[in-house]
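Heads up: the structure comes next, in C-alpha cells.
Numbering (this note's numbering), first residue to last: 22 to 702.
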C-alpha cells in the first residue's frame, strides 16, 4: 500500500473531524442551548422577556426584578470565600515527600503567575449559571523574544462561553473527561482576522453539499477549532546499565534529538543491556476550520487533553449528557413574578380618581379651567346649563363618573404564590445574613450549614474539576520542567515564596549521589480540599489560638501559641512582624525551616555562637585535655618502670660476669686446671 502524503493525511483527518463534531454537536445542541439561555436569563438586563413572552407584552410595561441573579451571586460568593486547594500525595502513603511538596509549590506558583483565579472564577460562574464551564492549561515560553531561551512554563487560561465552544466525544462518560479521546474548542473570528491569520479567504470556500448541521462560516464570522486527538503510540525504550549496576531508561526519540547521547553514555561506562517496545498515550493538537486543517501543532506536553470541564449539575439521560445550573428550574417562577409585577404596574399607572362625565355644551368655554384643575386646584368649577328636548334651559350635573381600576383578587394571590415558588427554588435566605441578639452559637452553625448546603453540589463538582486540573498539570510538568539546574519559583502553604532548583545533585548519607527535584519521575495522587479562603482560615486560626492561650498555664506553650497567632495575623504593615515570629518559631523547632532558612541558621551559628554552647565546648575541650594528660602520665610511668627493670637486668648481668672473673683468678693462683668459662651474657 502506497504511503499517504501529508496533505492527504490531513485531509482525511479533517473529514473525520467534521463527521465527529457533527455527531457530538447534534446530540448536545439542545441542552447546550438551554445552558446559554440560562446564563443570559440571569446576567443580561431584559433577557427575561426574550421569546414569545416578550412578544405578548410588546406594547405593555415589562418590569424585571431579578432575584435569580442574587441567588447565583450568593453561591459565587460562597465559593470565593471557600477556595479549593490542590495537593499532591505519595502513592506509597509516605507522610513527608519532598518531591510532592515541590510539585505543589510549583503548581501554586504557576497559578499565581498566570492569574489562574480568573480562569477558575469564570468556569465556576458559568457552571452555576448555565450548567457548564471550562478552563484550560497550556505551555508557553518564558521569554518569547529570546531565540535561545527554550524554557517553558505552564499557564492556566479561561475559556469563555464554554457551553457554546467546548465539546468532548460522546464516548467519554466520566465527569472530568479523563476518558475522552477527542475534544473540540471553538473560537470565532471575523473574516478579515481569519484571512490575515491563516492566509485563507473564506469567500473562496467551495459550496459543497453536505449534511453538517453546524455552520462554520456565517456572513459575519468564521469559526476555528482546536482539535485534540488522543493517540496510542508505540515507542522503543533502550535500557542501559551503569558502572554501579543501576539501570537507566532512554526513549529512542532522545537519541534522535541528541546524536551525541549514545557516545556520552559509552564514555562514562554505561552499556546497553536490552530494548523494549511500549505503548504510550500522547495527545496531538490541530487547528482546523470548516474547510481544512490549518495547522498541525504536533504532540503537546503531557498525556492528557488539557481542557478541564466544570459542571453545575450533571446527568446521563437517554445516553445523552445533560447538565444545568442554579437558574433553569427558577426561570418560570421568575417570569411569572415579572408578569404579575408588570400587570400590577400597568393597573397602578391608571388614574385612581373618579372623573365626571359631562356633555360638550356643559364645559363649552370652561375647558381650560377643567383641564388645569389638577394643577391650579381651583376652589370651584363652572359648567353651562343645558337645553332639554322641550327647549327649556335647565341646570344639570355630570352625566356619570369614571371608576378607578380594581386589582383582581387572582392577581394578588398569583403574585404571592410566584414569590413563594421563587424562594423555594433559589433558596430562601431571608434574614439569614442578620445576627439576632441572644442566639446560640449552635444555632448560628445550623443556619450557616443550611446556607452552605445550597452551594455544596457546585463546590463538590468544581473540586473534581480542580483535581483533574492537578493531574493534567503534573503530566505536563513531567515533560516541561526537565532542565537541569533551572531555578523556579514555588509558593509554600503559608504563601511564602521559595526557590527550587530542578535536577539538583545531592550527596546521600551513604556517600552516593542522587538527583533531587526530578519531576520526570513524579507520580502522585491528587486531592482537592474545599475550605475557607486564606484570609478566613487565618482569622479562624487566630481565634482558636487565642482561645487555647486562655486555658494553658505552660509558659513555653503560651509562647508557641502567641507566635503562631502573630504569624497568622493579617493587617496593613504587619508582614515584618509575621516574619519575625516565624523566625522565632523556626529557631524553637516548632516549624520546619525551608532550605534557605536552614542555610541562614547554619551561617548564623558559625558566625555567632551561644555563650552557653561556648562554655560547654570549652569544658569538653578541657576534659579532653585532662584525659590526654592522664594518658601521657600513665605512659611515662610505664616507661620509667621499664627503664628501671632494664637497668636491674643490666646490673645483675654485670655482677654475674664479675663473679666469674674473680673465680678464674683464684684458680690461676692455685695452679688448678681451668674449666671453660661460660659465655658472657
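All C-beta atoms in this analysis are idealised placements derived from N, C-alpha and C, irrespective of residue type, glycine included.
Taking C-beta atoms under 8 Å as the contact rule, residue 132 and residue 159 fail to qualify, at a distance of about 13 Å. Between residue 328 and residue 294, the gap from beta carbon to beta carbon reaches 7 Å or more. Residue 84 has no beta-bridge partner at all, per DSSP. Considering only 496, 280 and 272, the residue with the shortest C-alpha distance to residue 298 is 272. In the displayed model, residue 596 falls within a helix according to three-state DSSP. Counting only residues of its own chain and dropping the five nearest sequence neighbours on each side, residue 522 has a CB closer than 6 Å to the CB of 508. Boundaries of the beta strand (DSSP E) around residue 243: 242–262. Just measuring C-alpha positions, the residue of 191, 138 and 379 sitting nearest residue 338 is 191. The residues 59, 60, 62, 63, 89, 93, 150 and 151, in chain order, have a CB closer than 8 Å to that of residue 348 in the same chain once the five nearest residues on each side in sequence are set aside. Here residue 325 carries a coil assignment [DSSP, helix/strand/coil]. Here residue 325 is buried: its Cβ has 16 or more other Cβ atoms, across all protein chains shown, within 10 Å. Taking one beta carbon from each stretch, the stretch 158–177 and the stretch 108–125 have fewer than 3 pairs nearer than 8 Å; the two do not touch. For residue 522, the beta-bridge partners assigned by DSSP are 508.
In this structure, residue 382 sits away from residue 422, with a CB-CB distance that is not shorter than 7 Å.
Straight across, the Cα-Cα distance linking residue 492 with residue 304 is about 15 Å. Beta bridge pairing from DSSP links residue 344 with 335.
With a beta-carbon spacing of about 6 Å, residue 203 and residue 250 fall inside the 8 Å limit used to define contacts.
About 6 Å separates the Cβ atoms of residue 100 and residue 480, confirming a contact at the 8 Å cut-off. About 5 Å separates the Cβ atoms of residue 582 and residue 566, confirming a contact at the 8 Å cut-off. Residue nearest to residue 399 within the set 427, 223, 141 and 387 is 387 (criterion: CA-CA distance). Each of 288, 247 and 320 was checked against the Cα of residue 311, and the nearest Cα belongs to 247. If you look at residue 108, you'll find it in the beta strand (DSSP E) that goes 105–111. By the Cβ neighbour-count rule, residue 194 is exposed, with fewer than 16 other Cβ atoms within 10 Å of its own.
By the neighbour-count definition (other C-beta atoms within 10 Å, threshold 16), residue 302 is an exposed residue. By the Cβ test, the stretch 201–220 is not in contact with the stretch 73–84, since fewer than three Cβ pairs between them sit closer than 8 Å. By the Cβ-count criterion, residue 240 is exposed, with fewer than 16 other Cβ atoms from all chains shown falling within 10 Å of its own Cβ. When the beta-carbon positions are compared, residue 188 and residue 198 stay at least 7 Å from each other.
With respect to the 7 Å criterion, residue 419 and residue 379 are classified as neighbours on the basis of their beta carbons. Close CB contacts of residue 584 within its chain, under the 6 Å cut and outside five residues either way in sequence, are with 602, 605 and 606 (chain order). Put simply, the backbone Cα of residue 220 is about 28 Å away from that of residue 163.
In the three-state reduction of the DSSP assignment, residue 580 falls in the helix class.
Distance from residue 570 to residue 579 at the Cβ level is roughly 6 Å; contact confirmed, criterion being Cβ atoms closer than 8 Å. Put simply, of 274, 264 and 243 the residue whose alpha carbon is nearest the alpha carbon of residue 258 is 274.
Boundaries of the alpha helix (DSSP H) harbouring residue 355: 352–370, taken from the DSSP string. In summary, residue 439 is buried, with 16 or more beta-carbon neighbours lying within 10 Å of its beta-carbon over all protein chains present. The beta carbon of residue 145 sits closer than 8 Å to those of 97, 100, 154, 331, 479 and 483, all from its chain and outside the five residues before and after it, given in chain order.
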